[in-house]
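J.:
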Amino acid sequence: MANKYQTGFDQPLLHTMYVDKSLNGVAAVQTLSRVNRIAKNKNDTLILDFANQTDTIKKAFEPYYKATFLEEATDPHKLYELYDQLIYLHIFDENDVDEFVKAYLDGESQKNYIIF
Numbered sequence: 352m353a354n355k356y357q358t359g360f361d362q363p364l365l366h367t368m369y370v371d372k373s374l375n376g377v378a379a380v381q382t383l384s385r386v387n388r389i390a391k392n393k394n395d396t397l398i399l400d401f402a403n404q405t406d407t408i409k410k411a412f413e414p415y416y417k418a419t420f421l422e423e424a425t426d427p428h429k430l431y432e433l434y435d436q437l438i439y440l441h442i443f444d445e446n447d448v449d450e451f452v453k454a455y456l457d458g459e460s461q462k463n464y465i466i467f
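Read left to right, the sequence shown gives residues 352 to 467 (my numbering).
1) Alpha helix (DSSP H) containing V377: first to last residue?
2) Can the beta-carbon of F403 be found less than 8 angstroms from the beta-carbon of V370?
3) Closest to E413 by CA distance: which of K429, S373 and V377 is it?
4) According to the neighbour-count rule (16 or more other Cβ atoms, all chains shown, within 10 Å of its Cβ), is T367 buried or exposed?
5) Below 8 angstroms on the Cβ atoms is my guess for P363 versus I398; work out the distance and round it to an integer in Å.
6) Can you tell me the Cα-Cα spacing of Y434 and S373, whole angstroms?
7) Using CA atoms only, rank isn't needed, just tell me which of G458, N375 and E432 is closest to K410.
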């Protein structure tokens, strides 16, 4: 894996990353976050990590997120719990969800529906 992924490299089309060295702390966050850039027709991403333990990566992301979900520990109820929290906090409402789903199914650009 190239060190450029740790120093601000920005390539929105990056879809897949193979990790072959140990990462932790901010280096893990910076490196693995490179694949989540938005690009037209980019609907998913994949990181295949050969070198790190799930707990190490989870701990690296914890300072930045209240909840970090990794594939190994996926619980389908967590998605519904997160959804309920977002609705409760008025981050979005049912109409926003319906509009997003319609836009997604119609193939519209995702950048038009991202709210920060």
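For glycine and all other residues, C-beta sits at the position ideal for the given N, C-alpha and C.
T.: Considering the structure as presented:
1) As a first step, residue 377 is located in the sequence shown; it is residue number 26 there, counting from the start. Here the alpha helix (DSSP H) through V377 covers G376 to L383.
2) As a position in the sequence shown, residue 403 is number 52, starting the count at 1. As a position in the sequence shown, residue 370 is number 19, starting the count at 1. The sequence shown places Asn at residue 403, rather than the Phe named in the question. The answer is yes: Cβ separation under 8 angstroms.
3) In the sequence shown, the residue the question calls residue 413 occupies position 62. Per the Cα distances, V377.
4) On the sequence shown, residue 367 is found 16 positions in, with the first residue counted as 1. By the neighbour-count rule (16 or more Cβ atoms within 10 Å), T367 is not buried but exposed.
5) Here residue 363 is taken as the residue at index 12 of the sequence shown, counted from 1. Here residue 398 is taken as the residue at index 47 of the sequence shown, counted from 1. About 16 angstroms separates the two Cβ atoms, so there is no contact after all.
6) What you label residue 434 is simply residue 83 of the sequence shown in a count that begins at 1. What you label residue 373 is simply residue 22 of the sequence shown in a count that begins at 1. C-alpha separation (whole angstroms): 33 angstroms.
7) Position 59 of the sequence shown, counted from the first residue, corresponds to residue 410. Looking at the Cα atoms, N375 is the closest of the given residues.
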